[in-house]
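J.: Take a look at the following structure, please.
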């Protein structure tokens, strides 16, 4: 893998990559090489994680090059100033072709799972409110492509919320898919990100092409936004 080919943005403050599925953003229990390790070797500098995407998913990952830029981006995330759009392939189309999903998510750290509830009860007192908007944008044979805009950033949010409406992501056996993908990936892709440059204040728009596999390629015209 040539990590240089995965770069989406590079300047004095930031560097962004189009992460491949199967690579963790940071070291996990497997001790496999993480994206941040590879990126630091490439840049020969210390980098700071601004956000994460799940190991089996793919798409945009943004690192800061210094503490000041990290603090600025953390503030943008906190105030929901950063827009993140995902693509997800599902076998079961949601009842409504577009809409807003609101759930309360509880994380089980031991199982590395999040459980979604429709309402807040005393049994979910430690749950975090999770909101996303989705829209059906295409279908091929037995699969459907959803465009998803995150309104909150919770652990496994998209995976848990889609599973809660019986539309698990293709390959995501952890959240109810019948079969896994051969490479253990899931068809969830961090597609677009819009944010303000921490120094110049310029609006930055990033777009990451989905991985080169038969399912994503079948949705190629749609997923490239053309």
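Numbering (our numbering), first residue to last: 19 to 244. Glycine included, C-beta positions come from ideal geometry on N, C-alpha and C. What you are looking at is a predicted structure, and each value in this text was computed from that prediction instead of being measured.
State the DSSP-derived secondary structure class of residue 71, mapped to helix, strand or coil.
T.: One-based indexing of the chain shown puts residue 71 at position 53. It is coil, neither helix nor strand.
J.: Going straight from the alpha carbon of residue 33 to that of residue 155, what length do you get?
T.: Residue 33 sits at position 15 when you count from the first residue of the chain shown. Residue 155 sits at position 137 when you count from the first residue of the chain shown. If I take the Cα positions, the gap works out to 30 Å.
J.: So the beta strand (DSSP E) residue 133 belongs to, where does it begin and stop?
T.: Your numbering for residue 133 matches position 115 in the chain shown. From DSSP, the beta strand (DSSP E) with residue 133 extends over 131-135.
J.: Based on DSSP bridge pairs, tell me the residues matched to residue 89.
T.: Position 71 of the chain shown holds residue 89. Its beta-bridge partners do not exist; DSSP assigns none.
J.: Going along the chain, which residues of its own chain have a beta-carbon closer than 8 Å to the beta-carbon of residue 111, five neighbours each way excluded?
T.: Here residue 111 is taken as the residue at index 93 of the chain shown, counted from 1. The residues are 154, 157, 162 and 185.
J.: Look up residue 61 in the DSSP assignment and say whether it is helix, strand or coil.
T.: For the purposes of this step, residue 61 is identified with residue 43 of the chain shown, where counting begins at 1. Looking at residue 61 - three-state DSSP - the assignment turns out to be helix.
J.: Measuring straight from C-alpha to C-alpha, what distance separates residue 54 and residue 199?
T.: By one-based count along the chain shown, residue 54 stands at place 36. By one-based count along the chain shown, residue 199 stands at place 181. Taking the straight line from one Cα to the other gives about 25 Å.
J.: Have a look at residue 194 and residue 30 and give me their C-alpha separation to the nearest angstrom.
T.: Here residue 194 corresponds to residue number 176 of the chain shown, with the count starting at 1. Here residue 30 corresponds to residue number 12 of the chain shown, with the count starting at 1. Approximately 42 Å, taken between the alpha carbons.
J.: By the three-class DSSP mapping on this structure, what secondary structure does residue 126 have?
T.: Along the chain shown, read from residue 1 onward, the residue named residue 126 stands at position 108. It is a strand residue.
J.: Counting Cβ pairs closer than 8 Å, one from the segment 100-117 and one from the segment 161-175, do we hit at least three?
T.: As far as the Cβ criterion goes, the segment 100-117 touches the segment 161-175, which means the pair count is three or higher.
J.: Over the uninterrupted beta strand (DSSP E) stretch that includes residue 232, give me the two end residues.
T.: The residue given as residue 232 occupies position 214 in the chain shown. Per DSSP, residue 232 belongs to no beta strand (DSSP E); it is in the alpha helix (DSSP H), 232-236.
J.: Pick out the complete beta strand (DSSP E) segments inside the segment 160-225, 3 residues or longer, and give them in chain order.
T.: DSSP runs (the beta strand (DSSP E)) wholly in the segment 160-225: 161-168, 206-214 and 221-225.
J.: Specify, as a first and last residue, the run of the beta strand (DSSP E) that residue 36 falls within.
T.: The residue you call residue 36 lines up with position 18 of the chain shown. First-last of the beta strand (DSSP E) with residue 36: 32-37.
J.: Within 10 angstroms of its Cβ, does residue 176 collect 16 or more other Cβ (buried), or is it exposed?
T.: Here residue 176 is taken as the residue at index 158 of the chain shown, counted from 1. Buried is the call here.
J.: So, using beta-carbon positions, are residue 76 and residue 28 closer together than 7 Å?
T.: The count along the chain shown starts at 1 and reaches residue 76 at position 58. The count along the chain shown starts at 1 and reaches residue 28 at position 10. In this structure, residue 28 does not lie closer than 7 Å to residue 76 by Cβ.
J.: For residue 86, tell me which candidate among 74, 147, 80 and 66 has the shortest Cα-Cα distance.
T.: The sequence position of residue 86 within the chain shown is 68, counting from 1. Checked all of 74, 147, 80 and 66; the closest Cα to residue 86 is 66.
J.: May I ask which residues mark the beginning and end of the beta strand (DSSP E) holding residue 25?
T.: Stepping through the chain shown from its first residue, residue 25 is reached at position 7. First-last of the beta strand (DSSP E) with residue 25: 25-28.
J.: If distances are taken between C-alpha atoms only, which option among 52, 234 and 21 comes closest to residue 159?
T.: On the chain shown, position 141 is the one that residue 159 refers to. It is 234.
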